[in-house]
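In the numbering used here, the protein residues as written are 2 to 160.
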């Protein structure tokens, strides 16, 4: 298959079509071509560091540790690299407690369950609304392959 006419850049999407068994390219619709990824991603550097810590904790402790064990190891690693955080942070007078608030920017919610449900996503969205923070990370350590989920605060519920 010869695709020399179509440049393979990060602004192209590769789509596999079963009919022709060839790759078909389409340009992404970008509103502003001068916008960089860092303009679109909330706290890219900090969330990258946190994600690295999460992967490290998952690799060290495996699948079946308790949530507290993961939290303790994450706390140790945050201290080592001197990132400010608050553990088991009480959110206003609601009685809700977030596992971590990191650098007053990101809520980190840890789970050790079989699978995440809508309620877990609602929980972190509720925490984001209460704290007025913009980004939350939800991670389930029970999965064989760790997949931290970025959750962005919904600013309004207008229809």
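Virtual Cβ for every residue (Gly too), placed ideally from N, Cα, C.
Here the structure is a predicted model, which is why all the values come from computation and not from measurement.
Among the options, whose alpha-carbon lies nearest the alpha-carbon of residue i?
i, options, result
"residue 66", "104, 112 and 118", "112"
"residue 109", "119, 116 and 132", "132"
"residue 114", "92, 144 and 99", "144"
Quick one: what's got a C-beta closer than 8 Å to residue i's C-beta in the same chain, skipping five residues either side?
i, result
"residue 42", "48"
"residue 58", "71, 74, 75, 78 and 142"
"residue 92", "98, 99, 128, 131 and 132"
Would residue i and residue j be called neighbours here (beta carbons separated by less than 9 Å)?
i, j, result
"residue 94", "residue 127", "no"
"residue 100", "residue 68", "yes"
"residue 117", "residue 52", "no"
"residue 44", "residue 135", "yes"
"residue 50", "residue 84", "yes"
"residue 149", "residue 62", "no"
Could you check where the beta strand (DSSP E) with residue i kicks off and where it finishes?
i, result
"residue 100", "97-103"
"residue 141", "136-141"
Residues in the same chain with beta-carbon distance under 7 Å from residue i, minus the five sequence neighbours each way, listed in chain order, please.
i, result
"residue 130", "154"
Would you mind sorting residue i into buried or exposed? The rule is 16 or more other CB atoms within 10 Å of its CB.
i, result
"residue 82", "exposed"
"residue 146", "exposed"
Report yes if the C-beta of residue i is less than 8 Å from at least one heavy atom of the ligand MG; otherwise report no.
i, result
"residue 111", "Questions concerning the ligand MG fall outside what the structure shown contains, since it holds no ligand whatsoever."
Start and end of the alpha helix (DSSP H) containing residue i?
i, result
"residue 1", "The structure shown has nothing for residue 1, since the chain only spans 2 to 160."
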